[in-house]
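Chains as they are written, first to last, in the working numbering: chain A, 9 to 337; chain B, 4 to 340.
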């Protein structure tokens with residue numbers, strides 16, 4: 009049975025389900041003040057498994073890596089993805105290295121749960137969409153849910169995965185409701201979701217941008233343009249096959265990414281399609297991304313920097329305009 | 004001295020006896036000969052990559068690891084060979100790892116700075132100074148949650164103490180009272196720089212004083228002293244107490260890495276080294292105590308040389324890893340059936 013739940017509640021439901029199912033799952037976080045994300049977990053599972061740490065990301069994440077090496081399955085609540093940056097050695101150079109460096113002797117089942125993209129006046133250090141910088145780290149997995157159901161299913165899969173997973177949840181989606189299956193619910197990694205089918209152009213969007221892309225597709229449909237919207241759901245592993253298959257059908261690709269132009273998922277997807285699907289393309293790949301700028305505080309400036317529905321519609325018209333009319337017939 | 008320090012000091016340790024001393028002598032010789040052989044192999048280009056040797060520091064690794072059980076976790080850093088040997092990792096497979104071969108401890112994927120041997124409780128060595136300290140806290144936490152008796156020991160140098168993660172880890176370990184033993188091998192040099200150029204605090208045990216953890220500074224080249232102090236700490240950690248910090252003052256006879264021209268310090272005079280060499284000192288101490296004779300001393304060295312030479316032969320014959328492993332080892336769970 010599915011019911012409507014907010015995205016954030018769906019994530020918590022997955023953590024709660026997995027903690028009840030497997031006593032090796034621990035939950036670390038830094039705040040206990042009301043309202044605290046940890047509080048209900050503390051009540052349900054006790055202070056041994058739900059642990060309050062100081063504002064010491066390196067020690068907190070590093071200890072979680074060590075606990076994972078010792079056979080436990082910690083989930084670390086980072087609140088803001090930028091706090092991962094404080095502990096980059098542990099996130100990039102310890103957690104995902106051990107399995108390979110040990111020749112496969114050890115594994116690090118660890119979830120780093122981090123909110124991102126809070127473009128609501130939180131300015132330069134709390135609004136970034138920084139997942140792209142982790143895509144080049146072999147051994148790390150990256151989940152980026154855009155719906156409440158995926159938020160639950162990807163969190164459950166993250167906890168059961170034997171590798172370190174960066175679970176990036178979009179802060180502007182936290183209160184968005186969606187249908188969420190009850191009980192055990194897993195969404196596999198590396199399987200993109202085709203959110204809307206269409207034969208004229210492929211849009212690949214992630215996170216909060218998926219809803220923007222779907223809204224743009226609705227508007228474009230009124231103009232007679234049929235858009236296929238794909239949400240990769242995980243960036244590592246990345247389901248390039250589904251994207252290539254769609255581009256083979258539509259011949260056009262527009263990428264929508266809240267990250268900076270030179271640091272997001274879109275540049276990597278564009279490169280893969282150019283490399284593996286060039287023959288399918290009937291026009292240039294268009295990237296609708298945030299500008300390569302620090303997100304400004306001022307509201308109109310903030311809006312200017314990040315992609316929106318109008319920019320997506322314009323991008324689609326641009327790529328289709330560049331396509332020979334004959335090819336469309 | 005805080006109450007906890009006094010408590011730690013007041014406890015009698017397990018005194019070194021003839022049997023334990025002979026085993027320590029053998030372990031130190033295995034490390035010494037292994038490291039010197041690696042130096043020769045490095046100059047001949049038979050081992051690959053950076054080699055950080057622990058010649059001169061063997062006493063710390065031997066006296067500590069020999070008191071641990073297989074199930075106790077050890078974390079090491081870039082200078083890891085001695086810890087791996089003392090914890091029981093086979094010389095054959097360490098040497099094969101240094102040559103990047105498929106029979107290496109880590110199938111040639113880790114190398115000198117990342118030795119892991121889960122079978123012997125060597126949980127990991129990291130190449131980033133101090134990056135291993137929070138990992139050991141995680142092992143200690145796992146033991147606590149399972150109600151086990153195992154301890155976690157982490158080795159690091161004095162250079163790691165100035166890093167933020169050291170201080171974060173000390174705070175967290177003391178806050179939660181984790182049964183972790185932090186062993187600082189203070190050789191006076193952080194890579195190429197004397198301690199005095201990086202900090203005003205001379206003693207690492209003083210750095211942690213405000214946290215109230217049990218702490219002690221010992222002469223790390225006096226194997227009997229390290230053995231006795233660590234024995235006391237181990238007994239406390241087995242009972243779930245911690246964290247504890249043991250600072251071992253030692254001396255790195257070679258450079259930071261093999262090939263380091265060491266222009267930043269004067270070489271120690273041979274006569275002075277004779278006074279400080281942990282092997283020579285234990286040999287003198289044990290001979291005076293009647294624990295061993297000249298033949299025992301000679302045998303310890305000879306057996307180490309034989310074993311190390313066999314390890315070199317084993318490693319030379321081991322094939323390089325198959326490229327298929329590369330894909331398999333990116334993620335856990337990819338192993339082909």
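Idealized CB from N, CA, C, for every residue including glycine. All values derive from a computational prediction rather than experimental measurement.
- Query: So which residues of chain A does residue 110 of chain B contact, with C-beta pairs closer than 8 Å?
  - Reply: In chain order: 111, 112.
- Message: Within a Cβ cutoff of 7 Å, which residues of the same chain sit near residue 208 of chain B, ignoring the five residues on either side of it in sequence?
- Response: Same-chain partners within the cutoff: 218, 219, 220, 248, 250.
- Report the partner residues of residue 35 of chain A according to the DSSP bridge assignment. Residue pairing by DSSP puts residue 35 of chain A in a beta bridge opposite A:58, A:83.
- If you draw a straight line from the alpha carbon of residue 262 of chain A to that of residue 140 of chain A, how long is it in whole angstroms? Straight across, the Cα-Cα distance linking residue 262 of chain A with residue 140 of chain A is about 18 Å.
- Item | For residue 268 of chain A, three-class secondary structure by DSSP | Under the three-state reduction of DSSP, residue 268 of chain A is assigned to strand.
- Whole alpha helix (DSSP H) elements within the stretch 280 to 308 of chain B, 4-residue minimum: Runs found: 281 to 291.
- Item | Backbone CA spacing between residue 234 of chain A and residue 150 of chain A [nearest angstrom] | One Cα belongs to residue 234 of chain A, the other to residue 150 of chain A, and the distance between them is close to 30 Å.
- Query: Taking just the CA atoms, how far does residue 32 of chain A sit from residue 75 of chain A?
  - Reply: C-alpha separation (whole angstroms): 10 Å.
- Closer than 8 Å, Cβ to Cβ, to anything on chain B: give me those residues from the stretch 83 to 99 of chain A, in chain order. Taking 8 Å as the Cβ-Cβ cut-off, the stretch 83 to 99 of chain A approaches chain B at 97, 98, given in chain order.
- Message: Measuring only the C-alpha atoms, how far is residue 255 of chain A from residue 238 of chain A?
- Response: It is roughly 11 Å from the alpha-carbon of residue 255 of chain A to the alpha-carbon of residue 238 of chain A.
- Task: Compare the C-beta of residue 127 of chain B against all C-beta atoms of chain A and say whether one is closer than 8 Å.
- Result: Taking a beta-carbon distance threshold of 8 Å, residue 127 of chain B counts as an interface residue toward chain A.
- Message: Considering only DSSP beta bridges, list what residue 197 of chain B is partnered with.
- Response: Per DSSP, the beta-bridge partners of residue 197 of chain B are B:192.
- Measure the beta-carbon distance from residue 12 of chain A to residue 161 of chain A and round it to whole angstroms, keeping in mind my assumption that it falls under 8 Å. The C-beta distance from residue 12 of chain A to residue 161 of chain A rounds to 16 Å, too long to meet the 8 Å contact threshold.
- Task: Please list the residues of the stretch 139 to 153 of chain B that have a C-beta atom closer than 7 Å to any C-beta atom in chain A, keeping them in chain order.
- Result: Hits within the stretch, in order: 139, 140, 141, 142, 144, 145, 148.
- Whether residue 259 of chain B touches residue 55 of chain B by CB criterion (8 Å): For the 8 Å CB-CB criterion, residue 259 of chain B and residue 55 of chain B form a contact.
- Three CB pairs or more closer than 8 Å across the stretch 12 to 21 of chain A and the stretch 59 to 71 of chain A: These segments do not touch.
- Query: In chain order, what residues of the same chain have a beta carbon less than 6 Å from the beta carbon of residue 340 of chain B, not counting five sequence neighbours either side?
  - Reply: Because residue 340 of chain B sits at a pLDDT of 45, beneath the cut-off of 50, its placement in the model cannot be relied upon, and the following sentence gives the value as read from the coordinates. Closer than 6 Å at Cβ, skipping near neighbours: no residue.
- Every unbroken beta strand (DSSP E) within the stretch 204 to 237 of chain A, with a cutoff of 3 residues, ordered by chain: With a minimum length of 3 residues, the continuous beta strand (DSSP E) runs that stay inside the stretch 204 to 237 of chain A are 209 to 213.
- Query: Exposed or buried, what is residue 70 of chain B when buried is set at 16 or more other beta-carbons lying within 10 Å of its beta-carbon?
  - Reply: A residue is called buried when at least 16 other Cβ atoms come within 10 angstroms of its Cβ; residue 70 of chain B meets this threshold and is buried.
- Message: By DSSP's criteria, residue 123 of chain A is part of a beta bridge. Which residues make up the other side?
- Response: Looking at the DSSP assignment, residue 123 of chain A forms a beta bridge with A:177.
- Task: Quick one: using the 10 Å Cβ neighbour count with 16 as the cut-off for buried, is residue 274 of chain A buried or exposed?
- Result: Buried, by the Cβ-count rule.
- Query: Ordered along the chain, which non-local residues of its own chain (more than five positions away) have a Cβ less than 8 Å from that of residue 102 of chain A?
  - Reply: These residues qualify, in order along the chain: 70, 73.
- Using the C-alpha atoms, what's the distance from residue 129 of chain B back to residue 104 of chain B? Between the alpha carbons of residue 104 of chain B and residue 129 of chain B lies a gap of roughly 20 Å.
- Message: When you compare the CB positions of residue 58 of chain B and residue 38 of chain B, do they come within less than 8 Å of one another, or not?
- Response: Yes, they are a contact pair.
- How would you label residue 133 of chain B, buried or exposed, when you count the other beta carbons within 10 angstroms and need 16 or more for buried? Result: buried.
- To which residues does DSSP link residue 297 of chain A through a beta bridge? For residue 297 of chain A, which the question treats as bridged, DSSP gives the partners A:265.
- Message: Looking at chain A, is there any beta carbon in it that lies within less than 8 Å of the beta carbon of residue 335 of chain B?
- Response: For residue 335 of chain B, at least one C-beta of chain A is nearer than 8 Å to its own C-beta.
- Evaluate contact between the stretch 192 to 199 of chain B and the stretch 75 to 85 of chain A, counting only Cβ atoms and requiring at least three cross-stretch pairs below 8 Å. No, they do not touch.
- In or out: residue 84 of chain B buried (at least 16 other Cβ within 10 Å) or exposed? Classification of residue 84 of chain B: buried, given that the 10 Å Cβ count is 16 or more.
- Item | Proximity test, Cβ basis, 8 Å: residue 340 of chain B and chain A | Unreliable positioning characterises residue 340 of chain B in this predicted model, as indicated by a pLDDT of 45, which lies under 50. The coordinate reading is nonetheless provided below. For residue 340 of chain B, no Cβ of chain A is located within less than 8 Å of the residue's own Cβ.
- Query: How would you call residue 324 of chain B, buried or exposed, if buried means at least 16 neighbouring beta carbons within 10 angstroms?
  - Reply: So residue 324 of chain B ends up on the buried side.
- Under the three-state DSSP convention, the category residue 83 of chain B falls into: Coil.
- Message: Suppose contacts are defined by Cβ-Cβ distances below 8 Å. Is residue 167 of chain A in contact with residue 123 of chain A by that definition?
- Response: No, Cβ-Cβ distance for residue 167 of chain A and residue 123 of chain A is not below 8 Å.
- Message: Beta carbons nearer than 8 Å to chain B: which residues of the stretch 171 to 198 of chain A have them?
- Response: The stretch 171 to 198 of chain A vs chain B, Cβ under 8 Å: 171.
- Taking only beta-carbon atoms, is residue 102 of chain A less than 8 Å away from chain B? Yes, residue 102 of chain A counts as interfacial toward chain B.
- Interfacial residues, the stretch 143 to 169 of chain A to chain B, with Cβ spacing under 7 Å: For chain B, the residues of the stretch 143 to 169 of chain A that bring a beta carbon within less than 7 Å of one of its beta carbons are 146, 147, in chain order.
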